[in-house]
Every structure is written in C-alpha cells, then in structure tokens.
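A.B. asks: If you're matching positions, the sequence shown starts at 2 in our numbering and goes up one per residue.
Quick reminder that beta carbons are idealized off the backbone N, C-alpha and C, glycines included.
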Amino acid sequence: MLRLLHLVVIAGLVSAAAYVYKIKFDATVQVEKAAKVRRDIRRERDAIAMLRAEWARLDNPTRIQDLADRHLNLRPVEATQFDDFGRLPQRPPQIVPPDASDAIAALLEQVDVLDVPTGSTQQGGN
C-alpha cells in the first residue's frame, strides 16, 4: 500500500514537472512572438518615417516650381489675355421657370423651346 502511494506521488510529480515545462515552453514561444511583433512594428514605423520624409521632399514647392519651369512651357499671365464684359455672349434664355417644382417636367412640356442656343456651343457648321 505504501509503495502504491509512493508510485502515485512520483507520477504526480512527474506530470506536474511536465506541465510546468510545457507552460515554460509556451511562455518562451509567446515572448518570441511578441519580440517579433515589436521588431515588425519598429520596422514599419521606420518605413513610415522614411516615406514621410520622401513625401516632404517631393512636395517641396521649390522643387515643384523647378520641375514646372523645366518641363512645362508656361508663360506668366498678361493683362491683354483678358477680355471685357461687352464681348461676352448674351445670357441664354430662361427655359425652365424659376418657380417650377419639377424642372425636368417643365423642360419636357416645352419641347419646342429646347432648340434655343445656350451660348455654350458655337453656332453654324463647324
């Protein structure tokens, strides 16, 4: 009887040692995973910082102006490029009354008026 008790206690101790070893092994694996995640986060933060620095360099107004001067054939705006209001086309006629609750229905009712030029297209054959 005493031998059986000793065997049960020894088996319990061996199983407890195996369980503690398993817990220790699992904790070591978790620590390694956490360290890997920390390294990945640090690497990604460094990459983000590098990309932000690159963006700041590319977004520099002086650099953009130099590229525009080098690659675009632009000239400064001159006062003679603007026209006066007298040469603007006349405002198109009001096709839909302003108080109409449904503008599309009002357009469909006035089919004969739709041939009126709007000023946004050139008249005559082009």
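Check whether the Cβ atoms of I96 and L108 sit closer than 8 Å, and answer yes or no.
C.D. replies: What you label residue 96 is simply residue 95 of the sequence shown in a count that begins at 1. What you label residue 108 is simply residue 107 of the sequence shown in a count that begins at 1. In this structure, L108 lies closer than 8 Å to I96 by Cβ.
A.B. asks: Can you list, in chain order, the stretches of the alpha helix (DSSP H) that have 4 or more residues and sit fully within the segment 81 to 118?
C.D. replies: 104 to 110
A.B. asks: State the DSSP-derived secondary structure class of E79, mapped to helix, strand or coil.
C.D. replies: Walking along the sequence shown from the start, residue 79 turns up at place 78. DSSP places E79 in coil when its eight states are reduced to three.
A.B. asks: Going by DSSP in three states, L73 sits in which element: helix, strand or coil?
C.D. replies: The residue labelled residue 73 in the question sits at position 72 within the sequence shown. Of the three classes helix, strand and coil, the one that applies to L73 here is coil, per DSSP.
A.B. asks: If you draw a straight line from the alpha carbon of I65 to that of L73, how long is it in whole angstroms?
C.D. replies: Locating residue 65 in the sequence shown gives position 64, counting from the first residue. Locating residue 73 in the sequence shown gives position 72, counting from the first residue. If you take the alpha carbons of I65 and L73, they lie about 11 Å apart.
A.B. asks: Could you give the distance in angstroms between the alpha-carbon of R4 and the alpha-carbon of A18?
C.D. replies: Position 3 of the sequence shown, counted from the start, is the residue given in the question as residue 4. Position 17 of the sequence shown, counted from the start, is the residue given in the question as residue 18. Going from the Cα of R4 to the Cα of A18 covers about 21 Å.
A.B. asks: Taking 7 Å as the cut-off, is the C-beta of P93 nearer than that to any heavy atom in the ligand ADP?
C.D. replies: As far as ligands go, the structure on display features none, and thus does not contain the ligand ADP.
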